[in-house]
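Visitor:
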Amino acid sequence: MTSLRRAVKMILMKKISLYISLVLMFFVFTSYSNAENKVNFTVSASEDFTGKEFKSDKKGCGLKKYQKGNRDKESVLNIFYSKNSTIKGGKFECSLQNVIYAKWNLNLIISSVNASKGSDNAFEIRNSNAIIKDSKFSFSPQNKCVEGENGLLVFYNNILENCEQGFDIEKTDSSEFTAVIFLKNEFISIGHDAFNCHDRYDKKANKVYLFLKDNTFKKKGKKFKKFGKNSNCKKRFKISAELEDAILNSDFDKIEIIVKKKIKN
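Residue 242 is where the sequence shown starts when you use the working numbering, and the numbers rise one by one after that.
Here you go:
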């Protein structure tokens with residue numbers, strides 16, 4: 242009987258151990274799934290989202306008439322107050338405001354992300370120095386693929402697709418300039434304007450500058466205009482070989498030096 246009891250006890254212990262392992266695996270898997278599916282979270286340091294998808298379930302996302310709420314709380318991803326950080330990979334979808342919202346970042350690199358279906362913009366970035374490359378911003382058909390405000394921004398090898406406007410930039414502060422560089426990007430199915438520029442701080446000074454090279458425009462809408470209906474992106478420069486090299490090397494300091502020198506001349 243003693244041997245039998247021991248055998249039964251061993252079998253029960255194994256079953257209990259297996260049950261506990263399965264329960265633990267379930268909770269780990271559930272936590273992982275929840276982490277994968279969470280939205281409206283904020284990062285302030287480097288993150289690699291490669292292979293991950295983040296999608297909200299907001300009714301009407303992508304339609305301007307449903308736009309509401311606070312940008313910080315409605316976006317799928319916030320990138321705030323980072324320094325020398327890289328945000329890589331990830332698919333972000335569906336917001337009643339911006340899908341990805343970035344502000345107050347210094348020397349930020351955004352690479353290989355996919356953002357779509359914003360009732361406001363697919364991507365908005367403010368008061369930042371940043372390089373955005375190898376990414377796609379799309380399906381905000383009644384608003385902008387990308388909107389910027391202040392700072393020095395570089396867009397390299399991106400796709401901006403199926404939006405009313407491709408890119409809109411505003412200067413709203415007292416800084417020396419706001420500058421945006423577009424190198425080898427594709428604008429596809431843009432309804433109205435590829436670029437729009439606004440100096441809200443000093444309209445007469447108009448210290449908003451575009452640097453352009455090798456951008457393509459496909460499936461243009463009936464009202465499409467490259468530089469806005471009022472051609473308000475008036476201060477435009479070609480990208481030099483030196484500036485292109487600095488972009489390819491993600492050399493923020495050199496990019497800024499070249500841009501400042503060109504503007505002053």
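Don't be surprised by glycine CBs; every beta carbon is placed ideally from N, CA and C.
1) Under the assumption that Gly392 contacts Leu401 (Cβ atoms under 8 angstroms), give the Cβ distance between them as a whole number of angstroms.
2) Am I right that Ile341 and Ile320 are in contact with their C-beta atoms under 8 angstroms? What's the rounded C-beta distance?
3) Excluding sequence positions up to five away, which residues of its chain have a Cβ less than 7 angstroms from the Cβ of Arg477?
4) Can Ile410 be considered in contact with the ligand GTP, in the sense that its beta carbon sits closer than 7 angstroms to one or more heavy atoms?
5) Can you tell me which of the three DSSP states Leu484 falls into?
6) What does DSSP give as the partner residues of Tyr450 in its beta bridges?
7) Identify whether Arg441 lies in helix, strand or coil by the three-state DSSP scheme.
8) I'd like to know if the region 413–420 and the region 321–340 are in contact, where contact means that at least 3 CB-CB pairs between them fall below 8 angstroms.
9) To the nearest angstrom, how far is the alpha carbon of Ser353 from that of Asn473?
10) Between the C-alpha atoms of Val449 and Ile480, what's the straight-line distance to the nearest angstrom?
11) Name the one or two DSSP bridge partners that Cys404 has.
12) Please state whether the Cβ-Cβ distance between Gly462 and Gly432 is less than 8 angstroms.
13) Tell whether a beta-carbon distance below 8 angstroms holds between Asn447 and Phe423.
Guide: Answer, in terms of the structure:
1) Start at 1 with the first residue of the sequence shown, and residue 392 comes out as number 151. Start at 1 with the first residue of the sequence shown, and residue 401 comes out as number 160. No, Gly392 and Leu401 are not in contact; Cβ-Cβ is about 18 angstroms, not under 8 angstroms.
2) By one-based count along the sequence shown, residue 341 stands at place 100. By one-based count along the sequence shown, residue 320 stands at place 79. Yes, they are in contact, since the Cβ atoms of Ile341 and Ile320 sit about 7 angstroms apart, within 8 angstroms.
3) Position 236 of the sequence shown, counting from 1, holds the residue named residue 477. Excluding sequence neighbours, Arg477 sits near Leu451 and Leu453.
4) What this structure holds is no ligand at all, so the ligand GTP is not there to describe.
5) In the sequence shown, counting from the first residue as 1, residue 484 sits at position 243. It is helical.
6) Within the sequence shown, numbered from 1, the residue matching residue 450 stands at position 209. Bridge partners of Tyr450: Ala420.
7) Numbered from its first residue, the sequence shown carries residue 441 at position 200. It is coil, neither helix nor strand.
8) no
9) Position 112 of the sequence shown, counted from the start, is the residue given in the question as residue 353. Position 232 of the sequence shown, counted from the start, is the residue given in the question as residue 473. Those two C-alpha atoms are separated by around 30 angstroms.
10) In the sequence shown, residue 449 corresponds to position 208, counting from 1. In the sequence shown, residue 480 corresponds to position 239, counting from 1. So the two alpha carbons sit approximately 16 angstroms from each other.
11) Reading the sequence shown from its first residue, position 163 is the one you call residue 404. Per DSSP, Ser381 and Ile431.
12) The residue you call residue 462 lines up with position 221 of the sequence shown. The residue you call residue 432 lines up with position 191 of the sequence shown. Contact flag set, yes.
13) Reading the sequence shown from its first residue, position 206 is the one you call residue 447. Reading the sequence shown from its first residue, position 182 is the one you call residue 423. No, they are not a contact pair.
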